[in-house]
Amino acid sequence: METAENFLENYQLEGDSLKIFTWPSAVLKEVAGPVESFDDELRETIKNMLFTMYSAPGIGLAAPQIGLSKRIFVMDIDFDREEVTKADGESEFRLSNFNPRVFINPVISQKEGEVLYEEGCLSVPGIYEEVKRAESIVVDYFDAFGNPQQLEASEILSICIQHENDHLDGVVFLERLSMIKRNFLTKKYMKNKKKA
Ligand code: NI
C-alpha cells in the first residue's frame, strides 16, 4: 500500500508526459489555488508531474506549468542523467539516483541572505539569467498525504524552491530581473518563439 513514507521511495520512472505550457500562457500568470483534498487523484498528478519533469529534463516543475492552477510543485536536484549507446547504436538517456520531492501548499516563512544564481525554466525555454534570491529559507508545506512538513533549505535547493514557489504566484524568473534585463530577454525570447 502506498503511504506517506514510501510514496516517493523506489520512485519508478513511469507516468504520462504532460504538455508543458510556455510563457506567456495565461495559466502561468494566475495565482494558483490551494490543494484541498489529498487523494489518489492528487498523487496521480504528482507522479505525472515527476515523469514530465524527468523527461524534459528539468530539476523542478510547478503545477501551473502543466496547466493546473494548484499550489503544487515537484523537484529533484540530485538525479544523474547519462547518455548511453544501446546495442543497436542508438543513444538514449539513462537517469539514476532519484531524489524526488513534492511540496504542496508551500509557505516560505523565513528568508536569509542573498545569492545570485543562473536560472532557467522549462516554461521559458532558451533563456538563462542570474537571479537574486534569498540564500537560505524555511518552507512549511504538506506532503502528498496531507502531513505538514518543514524544511530548512540553502544553496540550490533554496533557489529552486523560491523559483517554483513563484510559479504558484503567477511569476516567472524574468520578472525578478531589472527592467533593462527583463525587456531585453523578453524580446529575445519572443523572437525565438516566433522562429520556433
Ligand atoms: Ni520555472
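For our numbering, add 470 to where a residue sits in the sequence shown, where the first one is 1. C-beta atoms are modelled at their ideal positions from N, C-alpha and C, and glycine is treated no differently.
If you follow the beta strand (DSSP E) that residue i is part of, which residue opens it and which one closes it?
i       : result
Leu-531 : 530-532
Phe-543 : 542-545
Thr-555 : 550-555
With C-beta atoms as the reference, is residue i less than 8 angstroms away from residue j?
i       : j       : result
Ile-574 : Ile-542 : yes
Arg-551 : Pro-570 : no
Ser-593 : Ile-490 : yes
Phe-549 : Phe-568 : yes
Asp-613 : Ala-474 : yes
Val-596 : Asn-653 : Residue identity check: residue 596 is Gly in the sequence provided, not Val. No; because the gap between Cβ atoms is not below 8 angstroms, this pair is not in contact.
Gln-535 : His-637 : yes
Val-497 : Ser-566 : no
Ile-629 : Val-585 : yes
Since residue i is in the alpha helix (DSSP H), which residue starts that stretch and which ends it?
i       : result
Glu-645 : Note, Glu-645: premise wrong, no alpha helix (DSSP H); not H, not E.
Asp-510 : 510-525
Ser-495 : Unbroken run through Ser-495: none, as it is neither H nor E.
Ser-507 : Per DSSP, Ser-507 belongs to no alpha helix (DSSP H) and is neither H nor E.
Asn-476 : Run containing Asn-476: none; DSSP gives neither H nor E here.
By Cβ distance, which residues of its chain are closer than 7 angstroms to residue i, with the 5 residues on each side in sequence left out?
i       : result
Ser-487 : Phe-521, Thr-522 and Ser-525
Leu-531 : Met-519, Thr-522, Met-523, Phe-543, Val-544 and Leu-592
Lys-499 : Gly-640
Val-554 : Ser-561, Glu-562 and Arg-564
Apart from the five residues just before and just after residue i, which ones in its own chain have a Cβ nearer than 6 angstroms to its Cβ?
i       : result
Tyr-598 : Glu-588 and Gly-590
Asp-610 : Val-577, Ser-579 and Gln-620
Leu-478 : Pro-570
Gly-537 : Phe-491 and Val-497
Spatial neighbours of residue i within its chain, please: C-beta separation below 8 angstroms, excluding the five flanking residues on both sides.
i       : result
Lys-651 : Glu-599
Kindly say whether residue i, judged by its beta-carbon, lies nearer than 8 angstroms to any beta-carbon of chain D.
i       : result
Gly-590 : In summary, chain D is missing from the structure at hand, where a single protein chain is found.
*Per the contact definition of three or more C-beta pairs closer than 8 angstroms, is the stretch 599-607 in contact with the stretch 577-587?*
yes
_What ranges does the beta strand (DSSP E) occupy inside the stretch 557-620, keeping only unbroken runs of at least 3 residues that lie completely in it?_
561-566, 571-582, 585-589, 599-603 and 606-612
*Flag this pair as touching only if the stretch 644-663 and the stretch 501-518 have three or more C-beta atom pairs under 8 angstroms; answer yes or no.*
no
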